[in-house]
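Visitor: Chains as they are written, first to last, in the UniProt record's numbering: chain A, 1 to 300; chain B, 1 to 300. We put the beta carbon where it would ideally sit given N, CA and C, even for glycine. Quick caveat, the model's predicted, so the values are computed rather than measured. Can you read through this structure? Questions will come right after.
2 protein chains.
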Amino acid sequence: MPELKSRQVSQLPPLQAIRVFEAVARHLSFTKAAGELGMTQAAASYQIKLLEERVGAPLFLRRPRQIVLTEAGQRMAPAVSEAFALLGGAYAAARSGADGVLCVSTLLTFASNWLAQHLGSFQVAHPSLAVRLDTSNRLVDFAREDIDIAIRSGGGNWPGVEVHKLFNADFTPMLSPKLAATIGGVKEPADLLRLPILDPGDIWWRDWFIAAGLPELAKRPGSSMGAQAYEANAAIAGQGVAIVTAAFFKAELADGRLIQPFDLVGDDGHAYWLVYPPARRNVPKIRAFREWILAEIAGQ
Amino acid sequence: MPELKSRQVSQLPPLQAIRVFEAVARHLSFTKAAGELGMTQAAASYQIKLLEERVGAPLFLRRPRQIVLTEAGQRMAPAVSEAFALLGGAYAAARSGADGVLCVSTLLTFASNWLAQHLGSFQVAHPSLAVRLDTSNRLVDFAREDIDIAIRSGGGNWPGVEVHKLFNADFTPMLSPKLAATIGGVKEPADLLRLPILDPGDIWWRDWFIAAGLPELAKRPGSSMGAQAYEANAAIAGQGVAIVTAAFFKAELADGRLIQPFDLVGDDGHAYWLVYPPARRNVPKIRAFREWILAEIAGQ
DNA sequence: TTCAGGCATAAGCCCTCCTTATGGGCCGTG
DNA sequence: CACGGCCCATAAGGAGGGCTTATGCCTGAA
């Protein structure tokens, strides 16, 4: 399609030459412009000659000690400079804009059980980064959605993405030390049955008791809160025993608000992963989030 | 100077990629944009990928049936389009502006004796071309002055310019047929002495009479008008005999307002030449002027 | 006169950018 | 449900644009 090509070429000048022209027009010097553009004087001369041939008129008058714009050159220079300012601005805006907003796709459960408690420290550490959370349970496709980085749960073997394991989605009973004291301490799994079980319908309880060698939990009254964070809060308040993912509550375990009476954890094979496109590994905001979340999880 | 280079590169995006981006953003299609730019879809894809890596963020979301701009892309697109419109405008302006004004540097004598009478027909033939005359006797340097084309007199052997000989700057007596009739016709050079000589101090008269084998012209009263056109007008009016360059008055000779009684012409070695930079041979306005002036002189 | 500064030009090489070829994902259709 | 079409991504390979180095010319200053 040489026809289309030639049509296009006649509509728009050779861009590299225009860029050189803009610099030369600003400096009124081939040598200085070449310096600014990081190329040799000969290259600048070459590009200007090229452009002059395209335009069909000289753009500069070569005077002994300096060059000056011809009438044609004077007509072009202001608009060209403005255009480049626009381009530079747009580019910078896209770059910094891209750096300024981090769009995180996260699972509902991770968002409420972990991010909600920890995100503050990220924003403190990176005050210029605005975080936009996109909370949903679908598997995001970075090519189709405007997402920078995502939290997924699953096996961790997705093709075409960079993955970092955050922690296993295991589960184990937790309660407040005060509540444990009411029955003289929780020594063995069966002790838990003497305490209120939070959300006893949760399949995790069944799995865990089976793993602990106890019979399936008898049907009991109890509310189903559906979010670990709520159950954990109830547990902290001493209202009962919750079965939650230990990793979500490292801080509470550390400061004694909760205790994990048994090392035994249930595991349904899920884990939480941080994923993002490999090509963007070193984009500042991606790197920042990755480093922050890994450090945070490693135990701060 | 890789330092300067990298600085520059980070300020401004790769221009070719930006041009492709602009087209893709307009069409929201790699294939269509590539078509408009006269390249393959693969090339467009390549450039966009390049730009996305530079910006640090995807610019398009690849949806099944079409693509859409990401937030970053939306931020860039308007300014980029505007910038390209500016560039295109500036370029077109320079081009057409360059086409619309023809700057002719001409010798005073040629301007008043020839151009003044003929230029009208050029402007009729090229109504969209404005002619700016720069009348001076210095030798213009196309690299230093904003001149498109020039008339020079001399030997015609200037380096670095394209030259076309217009005519010799020869000279010969001319008079009106009516005046000649008053003395029964001008048969031989000596007959001229019986008529008023216009500008008898002109060196051309001396040269011509010498060439004609007559003694040097005796000192006579007479005005020196200094421009052939004036003398020729006086001659046409029957006021005397003028010595002028025949080529300047082809029309007058053709329609009988003037006659050239002798074939003998004086010649001081000068000629008139059309000169211009070789590189601009095919620039429309240059070609137009060249073709017009050569045809005009060739006779018609 | 010589020197220094600045642009033009020539030769040559490298790297960018484009092309061709192929594959994958999604849609509509028979 | 399979098939073909549309569209984009990717890989490999080649051509040419554009850069560099080297050199020359011109001019103005010391």
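Touch check for the stretch 158-173 of chain A and the stretch 203-213 of chain A: three-plus C-beta pairs under 8 Å?
Guide: Contact between the stretch 158-173 of chain A and the stretch 203-213 of chain A is present, because at least three Cβ pairs lie under 8 Å.
Visitor: Quick check for students: name the residue ranges of the beta strand (DSSP E) that lie wholly in the stretch 134-185 of chain B, counting only runs of 3 or more.
Guide: Segments of the beta strand (DSSP E) lying fully in the stretch 134-185 of chain B: 149-154 and 162-174.
Visitor: With 8 Å as the threshold, decide whether the Cβ of residue 4/A is near any Cβ in chain B.
Guide: Per-residue confidence for residue 4/A stands at a pLDDT of 33, beneath the threshold of 50, marking its modelled position as unreliable; the derived number appears in the next sentence. It does; some Cβ of chain B falls within 8 Å.
Visitor: Would the beta-carbon of residue 166/B fall within 8 Å of that of residue 297/B?
Guide: Yes. Within cutoff.
Visitor: Measuring only between beta-carbons, confirm whether residue 134/B sits less than 8 Å from chain A.
Guide: Not closer than 8 Å to any Cβ of chain A, the Cβ of residue 134/B fails to qualify, so no.
Visitor: Less than 8 Å between the CB atoms is what I'm expecting for residue 301/A and residue 287/A, so what's the real figure, rounded?
Guide: It is not possible to answer for residue 301/A, since the shown part of chain A is limited to 1 through 300.
Visitor: Whose Cβ in chain A lies nearer than 8 Å to the Cβ of residue 12/B?
Guide: Per Cβ cutoff of 8 Å: 19, 84, 87, 88 and 91.
Visitor: How many angstroms separate the CA atom of residue 198/B from the CA atom of residue 148/B?
Guide: In a straight line, the C-alpha of residue 198/B is about 36 Å away from that of residue 148/B.
Visitor: Closest by CA to residue 76/A, which one among 83/B, 85/B, 84/B and 89/B?
Guide: Of 83/B, 85/B, 84/B and 89/B, the residue nearest in Cα terms is 89/B.
Visitor: If you reduce the DSSP assignment to three classes, tell me which class residue 40/B lands in.
Guide: Of the three classes helix, strand and coil, the one that applies to residue 40/B here is coil, per DSSP.
Visitor: Ordered along the chain, which non-local residues of its own chain (more than five positions away) have a Cβ less than 8 Å from that of residue 196/B?
Guide: Cβ within range, chain order: 222, 239, 240 and 241.
Visitor: Is it true that the CB of residue 100/B sits closer than 8 Å to the CB of residue 99/A?
Guide: For residue 99/A and residue 100/B, no; Cβs fall outside 8 Å.
Visitor: Taking the C-alpha atoms as reference points, what is the distance between residue 12/A and residue 72/A?
Guide: Going by the C-alpha atoms only, they are around 16 Å apart.
Visitor: According to DSSP, is residue 265/B helix, strand or coil?
Guide: Here residue 265/B sits in coil by DSSP.
Visitor: In three-state DSSP terms, what is residue 96/A?
Guide: Correct three-state label for residue 96/A: helix.
Visitor: DSSP on residue 105/A, reduced to helix/strand/coil?
Guide: Reduced to three states, the DSSP call for residue 105/A is strand.
Visitor: Got a sec: does the ligand PLP put a non-hydrogen atom nearer than 7 Å to the Cβ of residue 136/A?
Guide: For the structure depicted, the ligand PLP is absent and the ligand set is empty, with no information on it obtainable.
Visitor: Measure the alpha-carbon distance for residue 263/B versus residue 193/B and round it to whole angstroms.
Guide: Cα to Cα, the separation comes out at about 17 Å.
Visitor: Starting from the beta carbon of residue 56/B, find every residue of chain A whose beta carbon is closer than 8 Å, and list them in chain order.
Guide: The contacting residues are 95, 98, 99, 280, 283 and 284.
Visitor: Using the Cα positions of residue 275/B and residue 118/B, report the straight-line distance between them to the nearest angstrom.
Guide: Rounded to whole angstroms, residue 275/B to residue 118/B spans 18 Å at the Cα level.
Visitor: Does the structure place the stretch 137-148 of chain A close enough to the stretch 53-68 of chain B that three or more beta carbon pairs sit under 8 Å?
Guide: With the cut-off at 8 Å, the stretch 53-68 of chain B and the stretch 137-148 of chain A touch.
Visitor: Looking at the unbroken alpha helix (DSSP H) that takes in residue 26/B, where does it start and where does it end?
Guide: Residues 15-27.
Visitor: Hey, is residue 193/A's beta-carbon within less than 8 Å of any beta-carbon in chain B?
Guide: No, its Cβ sits nowhere closer than 8 Å to a Cβ of chain B.
Visitor: Is it true that the CB of residue 83/A sits closer than 8 Å to the CB of residue 37/B?
Guide: The answer is no: Cβ separation not under 8 Å.
Visitor: Determine, for residue 182/A, whether the minimum Cβ-Cβ distance to residues of chain B falls below 8 Å.
Guide: With 8 Å as the cut-off, residue 182/A does not count as an interface residue toward chain B.
Visitor: Can you list the residues of chain A that residue 143/B reaches, using a CB-CB cut of under 8 Å?
Guide: Under the 8 Å cutoff, chain A gives 58, 61 and 62.
Visitor: Between the stretch 225-237 of chain B and the stretch 150-167 of chain B, can you find at least three pairs of beta-carbon atoms closer than 8 Å?
Guide: Segments in contact, no.
Visitor: In whole angstroms, what separates the C-alpha of residue 134/B from that of residue 102/B?
Guide: Their backbone Cα atoms lie some 10 Å apart in a straight line.
Visitor: Does the beta carbon of residue 70/B come closer than 8 Å to any beta carbon on chain A?
Guide: Chain A, which has a Cβ nearer than 8 Å to the Cβ of residue 70/B, makes this yes.
Visitor: Out of curiosity, what's the CA-to-CA distance linking residue 14/A and residue 85/B?
Guide: Roughly 14 Å between the two C-alpha positions.
Visitor: I'd like the list of long-range same chain contacts for residue 290/B, defined as Cβ closer than 7 Å, with 5 residues on each side in sequence excluded.
Guide: Excluding residues within five positions, the ones whose Cβ falls inside 7 Å are 164 and 274.
Visitor: Pull up the DSSP beta-bridge partners for residue 130/B, would you.
Guide: Note: residue 130/B sits in a beta bridge opposite 101/B.
Visitor: By DSSP, does residue 61/A sit in helix, in strand, or in coil?
Guide: Here residue 61/A sits in strand by DSSP.
Visitor: Leaving out the 5 sequence neighbours to the left and right, which residues in its chain are closer than 6 Å to residue 112/A when beta-carbon positions are compared?
Guide: Hits under 6 Å: 227 and 229.
Visitor: Quickly, what does DSSP pair residue 259/A with across the bridge? List them, please.
Guide: BP columns for residue 259/A point to 175/A.
Visitor: Is it the case that the Cβ atoms of residue 45/B and residue 21/B are separated by a distance below 8 Å?
Guide: No, the pair does not count as a contact, with Cβ atoms beyond the cut-off.
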